[in-house]
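So the structure is just underneath, and the comments pick up after that.
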Amino acid sequence: MIGYLVKRLSLAILVLLLVMILLVLLIQFIPGDPARTILGNHATPELMAQVRRNLGLDDSVPQQVLTFVGDALRGDLGQDYISGQPVTSEIGTALANTALLSLASIVLALIVGIPMGLIAAVRKGGIIDRCIRAFSVLLLSMPPYVVALLLLLWFAVDNHLLPALGAGNLADPGDYLAHLLLPALALAVFWWAYLARLVRGSLLEVLGQPYVRTARAYGLSKQTTLYRVALKNALVPITALTGLLLGYVLTGTVYTEVIFNRPGIGSLAVSAVGNRDWPIVRAIVLIYAAAFILGNLLADLAYQFLDPRLRLDNRTEAFL
Amino acid sequence: MAVIKPSVARDLPAGPGAQSRVRELLSKLSSRPSAAISTAVILALILLALLAPVIAPYDPTHIDVYTRLSAPSVQHWLGTDSLGRDNLSRTIYGSRVALEIALPAVFGAFVVGAVLGMLAGYLRGWLDRVLVVVFDTLISFPAVILGLALLTLLGPSVGSVIFVIGIALVPYYGRLVRAQTLAQREVGYAKTERALGASRRRVLGRHLFPNVVPELLTVVAMDVPGAIVDEAGLAFLGLGVQPPTSDWGVMLGDGFTNIAASPWGVVGPILALIVLTAAFLVLGESLRDTLDPGRQGKRRGLLSRLRRNHR
Amino acid sequence: MTTEATLSVQDLSVGYTSAGSHRLALDRVNLEIGEQEILGVVGESGCGKSTLSTAIMGLLPPNGRILGGRIELRGRGDLTELSDEAMRGVRGSEIAVIFQDPSTSLNPRMPVGAQLTQVLGAHPGKHGSARDNREQVISGLTEVGIPNPQRALGRYPHELSGGMRQRVMIAMALLLDPKLIIADEATSALDLTLEAQILELLLRVRDNHGTSLLFISHDLGVVSQFCDRVAVLYAGRVIEETTATAVLAQPAHPYTQALNAAVPTPATRGRRLATVDGRMPDVEQPLAACGFAPRCLHATELCTSAAPELHPTDGGTARCFALAPENAEIWPDPPSVEDWRTADTDTGQGSETPPEKAPLMLAEDVAVHFGGSRSRFVPATRRRAPVRAVDGVSLTLRRGTVVGIVGESGSGKTTLGEVFVKLLDPTHGAMTFDQTDTTRLSTAATRRFRRRVQMIFQNPYSSLSPRVRIGEQVTEPYRIHRIEPENRRTTAQLLAAVNLPASLARAYPAQLSGGQARRVGIARALACEPDLVVADEPTSGLDQSAAASTINLLADLRTNRGLTVVLISHSLPQVIAVADEICVMYFGQIVERGTVDDLITRPAHPYTKALLDLVPDPEPGARLRRRRLLVAGEVPSPDAPPQGCRFHPRCSFARDLCRTTAPVPTPLDEPNGAGHLSACHFAHDMAAGTLEPATN
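Sequence lines, in order, name chains A, B and C.
Take the first sequence: its letter number 23 is residue 66 in this note's numbering, and every next letter is one higher.
Take the second sequence: its letter number 258 is residue 398 in this note's numbering, and every next letter is one higher.
Take the third sequence: its letter number 16 is residue 22 in this note's numbering, and every next letter is one higher.
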């Protein structure tokens, strides 16, 4: 376990480092003056000079990498050259909004998706199972921005049932949650369908395993066998996929924040692209990548921890 | 009264092989209505893209300010957009852009990924290690996020959108092909071939290529709708294809801006995206069930779908 | 037996329905198990024996249904009438099952202790406080011979060895002191020595707890040695029911006889094994004929016109017309085992003394080590020891002989086989083939070598490419070695050489039966007329008849073509049936080598002697349980070989010398014992049979 932990952790750090290096080098890969690449053809010489200074483009490339990585590790992601503010302070609240949205949609995805799969597996071949299967094809076919647009149309434009725009007031939890619900829902429904299928398949596979037969053969009731033996075993492999759930949700925040006009790093990045504000875009891309790397790391470690067969590679010696 | 079945060879799924396999597959697929319908939908879409000028009722760029944001009518089945252009015609033309971007992105990525993956799996050693880390690094950028960075620098154009979507797919294909290449070295018959005296190149050529690549191609084809979804998403955000192109994402963006005035602008592209994705999804599932009834298939299918959608 | 049976199955019929088709898995089965009795149920796969155990437990799958009959458990009445909840109370507490594969039958993500406690928790009337439960679980684990049970409680199944896992299953079965234990292929996945240990344990359980046992197995030998009575199932019907001794010594039903004749034994060595054509039929409704008639040597029109009744035999009853007194005119002589052995009985075994034949391949002090840190940067003390899969093997293969290599899993026999065919090169030692060093071959020479030396792999299906037609695969060696057309044989010829029809050339591997796929593998190996063929467990996964014909085929190749064959097998009787010379491997080393006669009559190593003792013997009174040389414990971890003799921790003869000094193979100076070697300090005493087991 320790061996794996060290190995997996160092891989994550290495990848994160490479991500940072790549983000610095990206400008260099593109032919032409980097400052012009960033600002486009209509930039004034003053602005270009400012950008050069700001990004340290006059330094040697290795120096730029060192500066960026070193600054990033100290929590300094550069300066917004439009407002002159440090990028971190520009991003601050937006990041909190996005993180809360991601978290909320993951929770929503799990608390609905897993029971759906469970019911479908238990009622295999029944009407509920078939409905879930058919419904899931529809949900799986909808891109996150389509779901968000439909929810916006239905709940906010037509019926005014829920607040649709903005993030609400964090000081008023009720208001904030009401604003959170639609965007989180938009990101969760895909995973309801997805998890329902995954859990159903995994559970049915486990239910066919000899150890489930053993549990029944030793008088464990159907309920105990289902929940204490089968479901536990069926959910473990699914933890390995939660990293991918995170990837979907992260991408989705960009769309939902734009559609629901939420101040978050996704919508911030989109408007920064419009302003060609590279330091902001670069910082946000780095945050997304880091979140993705961290999420996958956690998912892998959770899987290792939950599966005893993988957990104990150091003392698997047959014991007599 | 007595019923004894003769002791003939078991009624197993026929062995897969060259042409008979394709024929077998087709006959099995055609017996599934869902597969037939989804294939028809996909073919119809391709036809729509090819024959857009013939089918579309209007020129998609024809501006008519007197009928701005109109609701569906006999003249305009899906209404008109903020400049009075016909939504139906724009949706039909949108399929062209979608395929123009998705096809080169997906298959280009597969070629690059397959070559890198095979090199890694075949040569192993330091190249393998380097490529694995490179794949891991690239995978950390979901396509849209990578799009944010690259499109800021490259500027939006059809070429750069293809590049962005393609490069996000490369590490997945690279990993997949690498894993298959490694696995092929260890299969029973690969070992047998070696014992018979066949060279490793012959083993890879005879088994990796014919056994693995066709199946991977079906997996890869299933990634086409995902690429279209990404393309439209980028365009919707204003990062991809730019107006006035008739693109589903561009249409969604325009419809979204005017959604309070008329919701009809988004209907066409939404339907197109859902129908297309659903058709590929259903076809993919039928293919999988037919090709591989039982084991493995399930997981691979799910994973490929996951891969596609989490970007 | 006792007055009231523990379990009595009466006229039980079970059917499965799937996708509109119906299958009758059990047809009016009658069985009775007395108190403390062990009833064996034996049959090939598909005969309905697993359905029997699931039906008794009330755990038939949703598409399975009891069509008729009763299952009476003493004190509980008819189990088929019980409610779900009442049946749940019976399971585990009154009837317990031990399944085949302990590695999948235990929950992989739950510690062993918790799994046992969970069973107690499922039967509220039978358990006490948490503390009592723990005590009960610990005492259960102790009883089945698990060392350090407190520690074992927290272990996950994968942390236990295969034998230990099966002991845990038995502990679970005993936990609530059931009346009946069903052992459903409970020892089939285990090595011979472990199987013996588990059977021993089951006998002790029976004696201590007064439990009755239903022992389900495909292995006639094991059943006959272990059980009191045996029922033979064929196509869902009990076709013979008799005593365990009679089932081997004088089986009455032709099917039981055929099964017998297909099993190699030391007594029948040198003779071809019997094979039965055809397959067991799938039955849809009760047969109005004898189900075995299409495959039976003795079948007449009578057999296909009506279903036979049970007729008394020497040990019990059998369902065959030929046994009815009124049919004495049709069958004057009752069917016998000998009928199945063909006239052409000689396998050519040992017709010439092996040492007189010229050597073809020589292995000298060959070792294969896997893994271990070899890096120079790792300090010597921190380096991980390599796994010594093969460690110091010397062996001569002589032209035109069959050399058997016998060993359990982990003995290194397959690794050694791969060294012979140069799939692996030895870590050290020398390999010589036809006077050339095979470890230093050029690419071209390796190619020529591969033409002359072939391997037949263990899994018949995976060694065939799934997408290439059989015909193409069989002739593939010709293309690999670019053999001139005039030197090639046709596909039909190649297939005919292994008794396969030419029509199979157009088939794909998945369309073949296991036996056919195996033969295709052999045909391909023979295409280039090799000098040496290494066959790795060529009968694994085959039923007895197909296994017998594969063994016959190998014997024929030696006799007719002068082929040299290395037969790698875990089954000593199988090797005895066909080999000229036998090597017994244990833990990477050859512990004994000699001609078949040497080994059978004068085993000079305790391990060989133990393996021989486990071979079923049809002699009445030679029951396994009465005389038994048990091999204790299990094969130690491969990266930590024991000091001294590697076998000593498991040897019942081990003395102090064995614990400190590793023995070297010593020749036994017997009159004709040339080549008989044993790596035992007390080889001579062992061979003479004068060595006493160690007292401690």
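We put the CB at the ideal spot given by N, CA and C, even for glycine.
Fair warning: this is a prediction, and the values are worked out from it, not measured in the lab.
Could you tell me whether the Cβ atoms of residue i and residue j are closer together than 8 angstroms?
i: residue 176 (chain C); j: residue 125 (chain C); result: no
i: residue 365 (chain C); j: residue 403 (chain C); result: yes
i: residue 321 (chain B); j: residue 427 (chain B); result: no
i: residue 421 (chain C); j: residue 391 (chain C); result: no
i: residue 196 (chain A); j: residue 399 (chain B); result: yes
i: residue 234 (chain C); j: residue 43 (chain C); result: yes
i: residue 101 (chain C); j: residue 18 (chain C); result: no
i: residue 191 (chain A); j: residue 302 (chain A); result: yes
i: residue 55 (chain C); j: residue 181 (chain C); result: no
i: residue 411 (chain C); j: residue 572 (chain C); result: yes
i: residue 294 (chain B); j: residue 324 (chain B); result: no
i: residue 262 (chain A); j: residue 83 (chain C); result: no
i: residue 622 (chain C); j: residue 615 (chain C); result: no
i: residue 374 (chain B); j: residue 284 (chain B); result: yes
i: residue 423 (chain C); j: residue 367 (chain C); result: no
i: residue 326 (chain C); j: residue 314 (chain C); result: yes
Go through its chain and collect everything with a Cβ distance to residue i's Cβ below 6 angstroms, but skip five positions before and after it.
i: residue 433 (chain C); result: 373, 374 and 375
i: residue 152 (chain A); result: 231 and 234
i: residue 653 (chain C); result: 592 and 613
i: residue 277 (chain B); result: none
Quick check on DSSP: helix, strand or coil for residue i?
i: residue 324 (chain C); result: strand
i: residue 144 (chain B); result: With a pLDDT of only 35 at residue 144 (chain B), under the threshold of 50, the placement of this residue in the model should not be trusted; the figure read from the coordinates follows. It is a strand residue.
i: residue 751 (chain C); result: Past the edges of chain C, shown from 7 to 702, lies residue 751 (chain C), and the structure says nothing about it.
i: residue 386 (chain B); result: coil
i: residue 36 (chain C); result: strand
i: residue 324 (chain B); result: helix
i: residue 420 (chain B); result: helix
i: residue 283 (chain B); result: helix
i: residue 393 (chain B); result: helix
i: residue 291 (chain B); result: helix
i: residue 348 (chain A); result: helix
Tell me which same chain residues have a C-beta within less than 8 angstroms of the C-beta of residue i, skipping the five on either side of it?
i: residue 434 (chain B); result: Unreliable placement is indicated for residue 434 (chain B), whose pLDDT of 39 sits below 50; the coordinate value is still reported in the next sentence. For residue 434 (chain B), where only same-chain residues beyond five positions count, there are no Cβ hits under 8 angstroms.
i: residue 247 (chain B); result: 360
i: residue 347 (chain B); result: 324, 327, 329, 330 and 333
i: residue 62 (chain C); result: 13, 15, 77, 85, 101, 188 and 220
Which same chain residues end up closer than 7 angstroms to residue i when comparing Cβ atoms and leaving out the 5 residues on each side of it in sequence?
i: residue 140 (chain A); result: 210, 305, 306 and 307
i: residue 648 (chain C); result: 642, 654 and 655
i: residue 125 (chain A); result: 318 and 320
Using beta carbons (cut-off 8 angstroms, strictly below), is residue i in contact with chain F?
i: residue 356 (chain B); result: Of the chains in the structure shown, none is chain F; the protein chains are A, B and C.
Can you list, in chain order, the stretches of the beta strand (DSSP E) that have 3 or more residues and sit fully within the region 55-103 of chain C? List check, beta strand (DSSP E) in window: 70-79.
Could you pull out every unbroken alpha helix (DSSP H) segment of at least 4 residues lying fully inside the region 229-286 of chain C, listed in chain order? Listed in chain order, they are 250-255 and 260-268.
Every unbroken alpha helix (DSSP H) within the region 465-544 of chain C, with a cutoff of 4 residues, ordered by chain: Entirely contained in the region 465-544 of chain C, the alpha helix (DSSP H) runs reaching 4 residues are, in chain order, 476-480, 482-486, 497-503 and 520-532.
Mind listing which residues of the region 66-99 of chain A have their C-beta closer than 8 angstroms to chain B's C-betas, in chain order? Per Cβ criterion, the list reads 66, 69, 70, 73, 80, 81 and 83.
Of the residues that make up the region 478-503 of chain C, which ones have a beta carbon closer than 7 angstroms to any beta carbon in chain B? When C-beta distances to chain B are compared with 7 angstroms, the residues of the region 478-503 of chain C below that value are 482, 483, 486 and 487, in chain order.
Of all the residues that make up the region 202-231 of chain C, which are near chain B by a beta-carbon distance shorter than 8 angstroms? From the region 202-231 of chain C, no residue has a Cβ closer than 8 angstroms to chain B.
Anything in the region 418-452 of chain C with a Cβ closer than 9 angstroms to a Cβ of chain B? List those residues in chain order, please. Listed in sequence order: 424, 427, 428, 429, 449 and 452.
Relative to chain A, which residues along the region 261-285 of chain B have a C-beta separation below 7 angstroms, given in chain order? Of all residues in the region 261-285 of chain B, those with a C-beta nearer than 7 angstroms to a C-beta of chain A are 273, 276, 277, 280, 281, 282, 284 and 285, reading in chain order.
Residues in the region 375-390 of chain B having any Cβ partner in chain A nearer than 9 angstroms: Going along the region 375-390 of chain B in chain order, one finds 376, 377, 378, 379 and 389 with a Cβ nearer than 9 angstroms to chain A.
Residues of the region 397-423 of chain B whose Cβ lies closer than 7 angstroms to any Cβ of chain C, in chain order: Against chain C - using a Cβ distance shorter than 7 angstroms - the region 397-423 of chain B contributes no residues.
Selection of the region 305-329 of chain B by Cβ proximity to chain C, strictly under 9 angstroms: Residues 327, 328 and 329.
Looking at chain C, which residues of the region 254-272 of chain A have a Cβ within less than 9 angstroms of any of its Cβ atoms? Near chain C, meaning a CB-to-CB distance below 9 angstroms, the residues of the region 254-272 of chain A are 254, 255, 256, 257, 258, 259, 260, 261, 262, 263, 264, 265, 267, 271 and 272.
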